[in-house]
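This report refers to the structure that appears directly beneath it.
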Amino acid sequence: MNLFAEIETQIRHSLQALQARGALPDGLPLERVGVEPPRDASHGDMATNAAMILAKPAGLNPRDVAGLLVAELVQSDAIESAEIAGPGFVNLRLSASLWLALVPKILHQGIRFGDQTGAGKLNIEYVSANPTGPMHVGHARGAVFGDALARLLEKTGHDVLREYYINDAGSQVDVLARSALLRMREAMGEDIGAIPEGLYPGDYLIPVGQALAESHPDLASQEDATQLQTAKSVALPMMMARIRDDLAALGVAHDFFLSEQSLHDDGSVDKSLEALDSKGLIYQGVLEPPKGKTPPPDWEPQEQTLFRSSDFGDDSDRALKKSDGSWTYFAPDIACHFNKVKRGYPQMIDVWGADHIGYIKRMQSAVTAISDGEASLEVKVCNLVKLMRGGEPVKMSKRSGSFITLREVVEEVGKDAVRFMMLTRKNDAPLDFDFDVVKDKSRDNPVFYVQYAHARICSVLRNAPEAGFSEADIRDASLAAQNLDSLKDPAELALIRNLANYPRMLASAAQSREPHRVAFYLMDLAAEFHALWNLGKERLDLRFLQADDRAGSLARLALLRATATVIASGLEVIGVTPEVEMR
RNA sequence: GGUCCCGUAGCUCAGUCGGAUAGAGCACCAGAUUCCUAAUCUGGGGGCCGGUAGUUCGAAUCUACCCGGGAUCACCA
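Dropping the structure here:
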């Protein structure tokens, strides 16, 4: 329960009391009443918009409603003062003990501070990179975003399943198999020359070729279809193992892997289509050419099996089978989501690259159609990542196979830096990833800046014994029992208010599915802590450790530990390590 | 042309179910270290929140239309 919610409840009770007395009419929209921190700290600790929201429905003017509310609120022990301001805001000042009580609460709960419960089951699918090669940096953003979102949603009470959909049935997998077969011949001593156009040139397939050569020495003499099948059966697990390794290096792990091929093999694709067909949503037809100035030059009308996605808000109906009768990628994707629903996850989130934006409506249409509106799919898109070094974009050529892999980036700058940097921009905005910034040890590097704040607090605690405080004194349990009344300075109280905002921030970040807010909150909190630290240089009374002020020192240590705990908790949500020492 | 995203300080970007005088970092200028990590901090200047209209007690935020930038648009995954 966070402080803002408590005060909001208090206000609601006061309003209800006024209604019970007849001072306010019944039937007011109390649910719209909110409490928020005022922009200007001089206005108080919290402000409510209640009077302005309720004035019109109550048939009173805002300042009169505010007056009634103020008279009611000041009777509460929690509220020290309440005054009317501006157009009808009620500014509240909470009794200091209420704020101070937050510190032991955090110390008791540890990094679980801010946890919420009971938000229900949720399936989140992310990464789902094709198993045809190593992960590159573009995948990293979706991986980090998806993982951080999953952690955030778990923190806020969801029962989350992290899912990876393996596209192991498309034509790209055939290309993978043929590329692996070529590498197999190479492994057997054949001079294969340059890798032909249309096959994957990357060195990462050399071990796959060797594995094939060892496990299936006679494969080259088999029928083509057998060769392909065998190559796939060897190459796919190796590619997926590598992807899992790369993800693990980033601190990302999925709970469930769903194979597209398995959906074909067990008839799920057919069943999904039958389900749609039974609702009358499938027909044979010819799509109109795409509208616009420049229709594709090679466009020609094709009769295809179509899904009536336009009945569900899509711009056009969409093909499930190509004109040659084979499946489009859309059909197994429907089966994939149907599969999730049937496994008990009607609430789904997909994380896609921004280049798939145009695909969202049809997928949502299909989910709505196949579940009769019972299931919902949210799609979050991640925009491009541009790698920068020395102020210049890093050149990437996929053709030559010299693209920067996720593994290389993680090895160069570390997983924490990759993860944090990926969350320094809204997911749907393009992001510059600058190697120079990420490796910098200064204020410019947000990863460093936040971790350094945590390390600095740990440093103070390490220095405590020298200042005469025992190990027992500075344990969280002891600090939580400290009297904190000596924490009076505005800078100290401001830090506590910021800590109080943490659960609120988590809730709104989760609701809007925006884990980057956690990163921004941490940067802000770190700045506030660094400022308090430096204040101790000129204000000796604010220095944390003072041998001649035992009670005051312990109170300050309690505040510091609470701050470190919230930083550690927030870092946990985005999967970054809270460093204990940075020298 | 359709759809979606974006437009906020010189630059890069935050901005909470609409809330009070719109914030931060960088850059620029001026300062702080016998002292818990100066790897940090303090202060200063800098704004038509792309534009117009609308809804509202109140709009950077919501709606409509325009302007500018980007992504995407049968059959590829």
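So the number in my numbering is just where the residue sits in the first sequence, counting from 1, plus 847. Built from N, CA and C at the ideal position, the CB exists for glycine as well.
Hey, residue i and residue j are a contact pair by Cβ (cut 8 Å); roughly how many whole angstroms apart?
i: I900; j: V880; result: 6 Å
i: R859; j: L877; result: 6 Å
i: V1260; j: K1286; result: 6 Å
i: M1352; j: R1364; result: 6 Å
i: P1362; j: L920; result: That belief does not hold up - the Cβ atoms of P1362 and L920 are roughly 35 Å apart, past 8 Å.
i: F1267; j: V1307; result: Actually they are not in contact, since the Cβ atoms of F1267 and V1307 sit about 23 Å apart, beyond 8 Å.
i: G989; j: Y973; result: 6 Å
Any idea if residue i is buried or exposed, counting beta-carbon neighbours within 10 angstroms, 16 or more meaning buried?
i: D1038; result: exposed
i: S1247; result: Per-residue confidence for S1247 stands at a pLDDT of 49, beneath the threshold of 50, marking its modelled position as unreliable; the derived number appears in the next sentence. Exposed.
i: T1252; result: buried
i: R1309; result: exposed
i: R1430; result: exposed
i: E1010; result: buried
i: A1398; result: exposed
i: D1102; result: exposed
i: A867; result: exposed
i: L850; result: buried
i: K1126; result: exposed
i: A1095; result: exposed
i: P1425; result: buried
i: I1196; result: buried
i: H983; result: buried
i: D1283; result: exposed
i: N1274; result: buried
i: K1242; result: exposed
i: V1133; result: exposed
So the alpha helix (DSSP H) residue i belongs to, where does it begin and stop?
i: D1384; result: Before going further, note that residue 1384 is Lys rather than Asp in the sequence given. H1363 to E1385 is the extent of the alpha helix (DSSP H) around K1384.
i: S861; result: L850 to A867
i: L949; result: L949 to Q956
i: L915; result: P909 to L920
i: M899; result: A897 to A905
i: R1408; result: R1397 to I1421
i: E1318; result: E1318 -> no alpha helix (DSSP H), and no H or E assigned at all.
i: E1001; result: V984 to K1002
i: K1242; result: First-last for K1242: undefined, no H or E at that position.
i: E1033; result: S1018 to A1034
i: I1449; result: No statement about residue 1449 is possible, as the shown extent of the chain runs from 848 to 1430 and does not include it.
i: I1090; result: D1071 to A1096
Starting from residue i, trace the beta strand (DSSP E) in both directions and tell me its first and last residue.
i: N938; result: F936 to L941
i: D1006; result: H1005 to I1013
i: D1279; result: L1278 to D1281
i: F1103; result: F1103 to S1106
i: K1168; result: R1165 to K1168
i: M1269; result: No beta strand (DSSP E) contains M1269, which is instead part of the alpha helix (DSSP H) from K1262 to M1269.
i: I1196; result: Q1194 to G1200
i: Q1149; result: Here Q1149 belongs to no beta strand (DSSP E), and DSSP marks it neither H nor E.
i: K1189; result: K1189 -> not in any beta strand (DSSP E); alpha helix (DSSP H) instead, spanning F1177 to K1189.
i: L969; result: G967 to E972
i: K1233; result: V1232 to R1236
i: I1042; result: Run containing I1042: none; DSSP gives neither H nor E here.
i: L1224; result: S1223 to C1229
i: V1133; result: I1129 to V1133
Which residue wins for smallest C-alpha separation from residue i, given the options the options?
i: H986; options: W1174, V1198 and I1129; result: V1198
i: D1332; options: A864, L949, L1105 and M893; result: L949
i: P885; options: A1341, V1099 and D1180; result: A1341
i: Q1108; options: E1385, G933 and G1017; result: G1017
i: Y1206; options: D1164, G1172 and L1231; result: D1164
i: V1232; options: E1225, I1181, D1202 and R1209; result: D1202
i: T1175; options: D887, A1311 and L1167; result: L1167
i: A1222; options: L969, A1356, S1106 and P1179; result: L969
i: L1153; options: A929, E1135 and L999; result: E1135
i: L1059; options: P1048, M1035, Q956 and Y1047; result: M1035
i: Y1192; options: D1145, L915, Q1131 and D1006; result: D1006
i: L1120; options: E1147, C1183 and L1097; result: C1183
i: A918; options: V937, A902 and A905; result: V937
Does the count of Cβ pairs from the stretch 1394-1413 and the stretch 1337-1348 closer than 8 Å reach three? Verdict: yes, contact present.
Does the stretch 1065-1076 come within contact of the stretch 1084-1091, defined as at least 3 CB pairs closer than 8 Å? Proximity of the stretch 1065-1076 to the stretch 1084-1091 falls short of the contact definition, fewer than three beta-carbon pairs being nearer than 8 Å.
Should the stretch 1360-1373 be regarded as contacting the stretch 1287-1304, the criterion being three or more beta carbon pairs within less than 8 Å? The stretch 1287-1304 and the stretch 1360-1373 touch, with three or more beta-carbon pairs separated by less than 8 Å.
Tell me, please, whether the stretch 1180-1188 touches the stretch 1213-1226 by the rule of three or more beta-carbon pairs shorter than 8 Å. These segments touch.
Segment contact flag, the stretch 970-984 with the stretch 1017-1035, C-beta cutoff 8 Å, min 3 pairs: These segments touch.
Taking contact to mean at least 3 C-beta pairs separated by less than 8 Å, is the stretch 1304-1320 in contact with the stretch 1381-1396? Contact between the stretch 1304-1320 and the stretch 1381-1396 is present, because at least three Cβ pairs lie under 8 Å.
Could you tell me whether the stretch 915-933 touches the stretch 1376-1390, where touching means 3 or more Cβ pairs closer than 8 Å? In short, these stretches do not touch, since the Cβ pair count stays below three.
If we count Cβ pairs, one from each stretch, closer than 8 Å, do we get three or more for the stretch 1225-1242 versus the stretch 1170-1184? No, they do not touch.
Can at least three beta-carbon pairs, one atom from the stretch 958-968 and one from the stretch 935-944, be found at a separation below 8 Å? No, they do not touch.
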